[in-house]
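**Q** Can you read through this structure? Questions will come right after.
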């Protein structure tokens, strides 16, 4: 028995960590942009972008105000370093050589092939109520099933929503939850946002199958700044899935999207994300939900890609009895610094929140779980529980947990637990004694460790997530 | 007056939470520096009562435990004004230091209590801190477990009342192999008391087979209390185990009902549970006179 365990340890000492196979995601299309904005960020560039997108006047002004805020705000003095990100070398707007289509056959072949490889049209046929596919700065495909549309569900691109029938609604809600003053990259988003989806689910409508938006950034040295605005009206429910990927380049790319979710009285929204950006990406995304009386927000989040990631979905439990659940897994491999977690503010009585996360670090990767739980004075009888577990797969890597709790009422119950550890040699040895290779045994144990997220995803996405873990674990005996 | 930046979190988080550090105004120019104390080999426990002098005063202790020596030091703080106490702990191989501190200072007083310690191979620090005073307490502890199999155990108990501030920061750096740390914090807050506890267990590269545990329990008893808890684990070593847990809230209804069925009122029950966190620490203190001081500060005869 002991010699077996020693064998495991010995193998680990001798082996090397290989690069992972990301061939599906790393295929680059030749850039045939219809339009590519010059690099950098100036009032002239923002103005030009606004004109290019034919913004209404208020949006033109909003963009310029946001730019001013961006220039005034400091870079955060906490979290991962973003020194490698030079906004002067980022093209903030790249329009592909097609307009948005309602049928895949009208999408240019190379772009269509990319989404085919990513499995988006197939998923749409099998298990989705609607799909939006963004390529660089604009949506190239958007479609929603007629039966969902017939129930009054609106699922469209942000640009159409901004100018069409829902213009007033968009103006009422756009960047009111995440304001440009929130942080520097929210201000950047306000200045140069492009693309994204607008969803409105009318009162009482239950959308039983998910909607999905997929964001693909193909252009080298570019930024993607899509805006997602979802309003789930009283008593309605929705599951929205967001996916993202990009091929790897040797220069920095930037993603600074923004997601604003409004969950009305007794409504329910599940927001699932599988993030698989390339490992030259700075993912500085902002997501926030406000939940009214009796409403529920559920976040399911898998973070696998990016060079640097800062992602902390925030929930504001504004109405009595509102609840939030966050389930997340983060896998930081070689060259990655992923700072992820969640924030919740309990601002009304009888609200509840639960965070359940897993972080895995491997091959020199850095993963940080960061959270905040704030229970305001008026949030009597509220409850919050946080559970975070981290797995270190080698000693080149790093794993930190930085949770914070700020409790301002005595009538609250708050629990927190965290654990950092490594894969048990006993478990690996047991699986190897049953005929598994060490690599497979470790991959299986890591998949099991991340089971909290995969079981919350639709089957296709759970399979994708497990495949990602398997890819990441390939050659991980080190 | 200078703003001292104290109680820094080793790894910053969101600034809006206001937990990254504390600014403590201090009049350096008018601080009375009290005589420094050097504590080395002592067979009997050493007692220090520190009251301070003038509006601002400071005092430094150097506690040096030579190889395989054991030292026990008791400190009790009863200042009427503002007092800063700096304690350096240096432990050579196999040394063992027990440091027991009691703050029972006067209303409107302030204590800034700093401990820095380092442990060589097989050395151990046991720290017991009891904060019962009517004044504010700022406490900053940093321990380096440098040598293999060195260890640190910290037990903190407090009762915060009125508008008192209890602001604590405890950092344990695990450098050596097979090092162990354990932090237990238990306290209660009444009225408008404000408390923040930052606890960091940092496993440095090379600290393989080390274990760190941190547990905090906060009993919230006042309508205007504020509690902040930041339990951090930093880890750059694979074969370690780090755990932290926190429980924050008021007495649950089941416990209250049970105690009520035994004739204990809500007020008595709350008082009893608040004292329980301190009673636990008394069992870690051998000195009867010191325990008597704690009992006197707690008042009453308990239940």
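Residue numbers (this note's numbering), protein chains in the order written: chain A, 1 to 478; chain B, 479 to 781. Each residue gets a CB set at the ideal place from its N, CA and C atoms; glycine is no exception. Quick caveat: nothing in here was measured; it's all calculated off a predicted structure.
Check each candidate in A:118, A:159 and A:136 and name the one with the smallest Cα separation from residue 51 (chain A).
**A** When only C-alpha atoms are compared, the closest one is A:159.
**Q** Contact criterion: CB-CB distance below 8 Å. Does residue 683 (chain B) meet it with respect to chain A?
**A** yes
**Q** Hey, quick one: how far does the beta strand (DSSP E) through residue 530 (chain B) stretch, first residue to last?
**A** It is not in any beta strand (DSSP E) - residue 530 (chain B) carries neither H nor E in the DSSP assignment.
**Q** Is DSSP giving residue 307 (chain A) helix, strand or coil here?
**A** In the three-state DSSP reduction, residue 307 (chain A) falls in the coil class, being neither helix nor strand.
**Q** Pick from A:356, A:396, A:322 and A:355: whose alpha carbon is nearest that of residue 336 (chain A)?
**A** A:396
**Q** Given that residue 495 (chain B) touches chain A, what residues does it touch there, using C-beta distances under 9 Å?
**A** 372, 374, 404 and 406
**Q** On the three-state DSSP scale, how would you describe residue 254 (chain A)?
**A** strand
**Q** Thinking residue 403 (chain A) and residue 709 (chain B) are a contact (beta carbons under 8 Å), I'd like their distance in whole angstroms, please.
**A** That pair is a contact at about 6 Å.
**Q** By the three-class DSSP mapping on this structure, what secondary structure does residue 20 (chain A) have?
**A** Per-residue confidence for residue 20 (chain A) stands at a pLDDT of 45, beneath the threshold of 50, marking its modelled position as unreliable; the derived number appears in the next sentence. Reduced to three states, the DSSP call for residue 20 (chain A) is coil.
**Q** Whose CA, out of A:112, A:328 and A:235, lies closest to the CA of residue 271 (chain A)?
**A** A:328
**Q** Which ranges does the beta strand (DSSP E) cover as unbroken runs of at least 3 residues, wholly within the segment 678 to 704 of chain B, from first to last along the chain?
**A** You should have 688 to 698.
**Q** Looking at residue 753 (chain B): is its Cβ nearer than 8 Å to the Cβ of residue 776 (chain B)?
**A** yes
**Q** Quick check: residue 700 (chain B) and residue 665 (chain B), are their CB atoms within less than 8 Å of each other?
**A** no
**Q** Mapping DSSP to helix, strand and coil, what is residue 562 (chain B)?
**A** strand
**Q** Going by DSSP, what residues sit across from residue 724 (chain B) in a beta bridge?
**A** Answer is A:416 and B:694, bridged to residue 724 (chain B).
**Q** Can you find a CB in chain A that lies within less than 8 Å of the CB of residue 706 (chain B)?
**A** yes
**Q** Excluding the 5 residues flanking residue 368 (chain A) on each side, which residues of the same chain have their C-beta closer than 6 Å to its C-beta?
**A** 339 and 400
**Q** List, in chain order, every chain A residue whose beta-carbon is nearer than 8 Å to that of residue 716 (chain B).
**A** 392, 393, 394, 395, 397 and 422
**Q** Where are the alpha helix (DSSP H) runs, 4 residues long or more, that stay fully inside the segment 182 to 220 of chain A, in chain order?
**A** 184 to 192
**Q** Any C-beta of chain A sitting closer than 8 Å to the C-beta of residue 646 (chain B)?
**A** Answer no: the Cβ-Cβ gap between residue 646 (chain B) and chain A never drops below 8 Å.
**Q** Taking only beta carbons into account, state which residues of the segment 58 to 91 of chain A come closer than 9 Å to chain B, listed in chain order.
**A** 76, 77, 78 and 79
**Q** Which two residues bound the contiguous beta strand (DSSP E) that contains residue 158 (chain A)?
**A** Per DSSP, residue 158 (chain A) belongs to no beta strand (DSSP E); it is in the alpha helix (DSSP H), 158 to 163.
**Q** Would residue 480 (chain B) count as contacting chain A if we go by Cβ distances under 8 Å?
**A** Using a Cβ-Cβ cut-off of 8 Å, residue 480 (chain B) does not count as an interface residue toward chain A, since no Cβ of chain A sits closer than that to its own.
**Q** Can you tell me which of A:288, A:267, A:469 and A:349 puts its alpha carbon nearest to the alpha carbon of residue 358 (chain A)?
**A** A:469
**Q** By a C-beta neighbour count over all protein chains shown, 10 Å radius and 16 as the cutoff for buried, is residue 389 (chain A) buried or exposed?
**A** buried
**Q** Given a limit of 7 Å on CB to CB distance, which residues of the segment 410 to 436 of chain A reach chain B?
**A** 410, 411, 412, 413, 414, 415, 416, 417, 418, 419, 420, 421 and 422
**Q** Would residue 193 (chain A) be called buried (16 or more neighbouring beta carbons within 10 Å of its own) or exposed?
**A** Taking all protein chains shown into account, residue 193 (chain A) has 16 or more neighbouring C-beta atoms within 10 Å of its C-beta and is therefore buried.
**Q** Does the beta-carbon of residue 781 (chain B) have 16 or more other beta-carbons within 10 angstroms, so that it is buried, or is it exposed?
**A** Any reading at residue 781 (chain B) needs caution, since the residue's pLDDT is 40, under 50, leaving its predicted position unreliable; the model's value is listed next. Classification for residue 781 (chain B): exposed.
**Q** For residue 759 (chain B), report the span of its alpha helix (DSSP H) as first-last.
**A** Here the alpha helix (DSSP H) through residue 759 (chain B) covers 744 to 760.
**Q** Using 10 angstroms around the beta-carbon of residue 480 (chain B), count the other beta-carbons present and answer buried if the total reaches 16, otherwise exposed.
**A** exposed
**Q** Any beta carbon of chain A sitting closer than 8 Å to that of residue 658 (chain B)?
**A** no
**Q** At least one CB of chain B closer than 8 Å to the CB of residue 400 (chain A): is that the case?
**A** For residue 400 (chain A), the answer is yes, since a Cβ of chain B falls inside 8 Å of its Cβ.
**Q** I'd like to know if residue 491 (chain B) contacts chain A, where contact means its C-beta is closer than 8 Å to some C-beta of that chain.
**A** yes
**Q** Do you know offhand how far residue 766 (chain B)'s Cα is from residue 742 (chain B)'s?
**A** 29 Å
**Q** Please tell me whether residue 569 (chain B) has its Cβ less than 8 Å away from any Cβ of chain A.
**A** The C-beta of residue 569 (chain B) comes no closer than 8 Å to any C-beta of chain A.
**Q** Among B:616, B:519 and B:597, which residue has its Cα nearest to the Cα of residue 674 (chain B)?
**A** B:616
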